[in-house]
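Numbering (the working numbering), first residue to last: 7 to 224. Here's the structure we're looking at; comments come further down.
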Ligand code: SAH
Ligand code: DHB
Ligand code: MG
């Protein structure tokens, strides 16, 4: 088996053992494909990991940048308390529309607010504090999104940044790939004094070789 085939099979094993029968998220993925959206949602195991972070931190208000089909939004929003809310920012109207339908089907329309527009334009209109911020949109803007996470967060807010390893491309300081440059800039930002602690975890799985950064706001 190729490395990728093993990683995908192990993700399937994890889902079969620990995350079986998830019609809500399966439906979102199906609609994602029907609507012709790219299949770049977090994996099932990653969605479950984000949901655990929401629960461990007892988050009530979550900010997501990059909605796509609403997969990660649904995974997080459904474990929020009754009075919780998740605001998700999405630039593409077609993605936002698909996500709204998925969120409504999941029965979460009262807890999830999807705002259409480039995040750089919608972020200034938000008021904090958010307890958890998940950054998963255009990677070149990651340092700008981290600035906003600081502004809209509070002491102890959890910040998660997706896709920061890029198959090891993160090592290439001379890369002309803007996503790699944006992820390197995110690491520079996470290393500064605004963050109490930060780390990153490399991941392999159905989505290949990548990883998350996780930080705590000071
Ligand atoms: N968080 C989702 C995946 C998001 S994919 C999940 O795991 O289920 C990245 C999304 O960010 C795409 O839908 C893309 O349209 C959106 N995006 C790209 N640039 C953006 C921007 N400037 N502002 C807001 N959203 C953006
Ligand atoms: C891409 C974006 C993502 O957020 C992701 O998790 C995987 C891939 C992409 O733009 O290719
Ligand atoms: Mg991502």
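We put the beta carbon where it would ideally sit given N, CA and C, even for glycine.
Can we count residue i as close to ligand 2, meaning its CB is less than 8 angstroms from some heavy atom?
i           : result
residue 147 : no
residue 185 : yes
residue 38  : no
residue 89  : no
residue 224 : no
If you draw a straight line from the C-alpha of residue i to the C-alpha of residue j, how long is it?
i           : j           : result
residue 25  : residue 48  : 14 angstroms
residue 143 : residue 67  : 19 angstroms
residue 14  : residue 7   : 11 angstroms
residue 208 : residue 63  : 22 angstroms
residue 92  : residue 180 : 37 angstroms
residue 120 : residue 110 : 11 angstroms
residue 51  : residue 178 : 28 angstroms
residue 23  : residue 196 : 34 angstroms
residue 20  : residue 215 : 17 angstroms
residue 84  : residue 32  : 14 angstroms
residue 61  : residue 108 : 22 angstroms
residue 44  : residue 100 : 12 angstroms
residue 133 : residue 220 : 22 angstroms
residue 86  : residue 172 : 30 angstroms
residue 73  : residue 123 : 11 angstroms
residue 183 : residue 145 : 10 angstroms
residue 157 : residue 190 : 21 angstroms
residue 176 : residue 186 : 6 angstroms
Could you round the C-beta distance between residue i and residue j to whole angstroms and report it? I think they count as a contact, below 8 angstroms.
i           : j           : result
residue 34  : residue 80  : 6 angstroms
residue 218 : residue 137 : Between residue 137 and residue 218 the Cβ distance is about 17 angstroms, and since that is not below 8 angstroms, they are no contact.
residue 97  : residue 75  : Wrong, their Cβ atoms sit about 14 angstroms apart, outside the cutoff.
residue 139 : residue 113 : Not confirmed; about 24 angstroms, so no contact.
residue 228 : residue 202 : This structure cannot settle anything about residue 228, because the visible part of the chain is limited to 7 through 224.
residue 188 : residue 148 : 5 angstroms
residue 152 : residue 128 : With 8 angstroms as the limit, residue 152 and residue 128 do not qualify as a contact, their Cβ atoms being about 16 angstroms apart.
residue 155 : residue 165 : 5 angstroms
Closer than 8 angstroms to a non-hydrogen atom of ligand 1 - does that hold for the CB of residue i?
i           : result
residue 189 : no
residue 70  : yes
residue 48  : yes
residue 77  : yes
residue 14  : no
residue 163 : no
residue 17  : no
residue 29  : no
residue 140 : yes
residue 217 : no
residue 6   : There is no way to answer for residue 6, as the model of the chain reaches only from 7 to 224.
residue 144 : yes
residue 73  : yes
Which residues does DSSP list as the beta-bridge partners of residue i?
i           : result
residue 74  : Bridge partners of residue 74: none, in fact.
residue 121 : 95
residue 62  : Looking at the DSSP assignment, residue 62 forms no beta bridge with any residue, so it has no partner.
residue 218 : 168, 207
residue 67  : 91
residue 201 : 223
From the beta carbon of residue i, is the nearest beta carbon of chain D less than 9 angstroms away?
i          : result
residue 30 : The displayed structure is made up of one protein chain only, and chain D is not part of it.
Got a sec: does ligand 3 put a non-hydrogen atom nearer than 8 angstroms to the Cβ of residue i?
i           : result
residue 168 : yes
To test your reading of the DSSP string, which unbroken alpha helix (DSSP H) runs of 4 or more residues are found completely within the region 18 to 53?
29 to 40
Please specify which runs of the alpha helix (DSSP H), each continuous and at least 4 residues long, are wholly inside the region 131 to 193, giving them in chain order.
148 to 158
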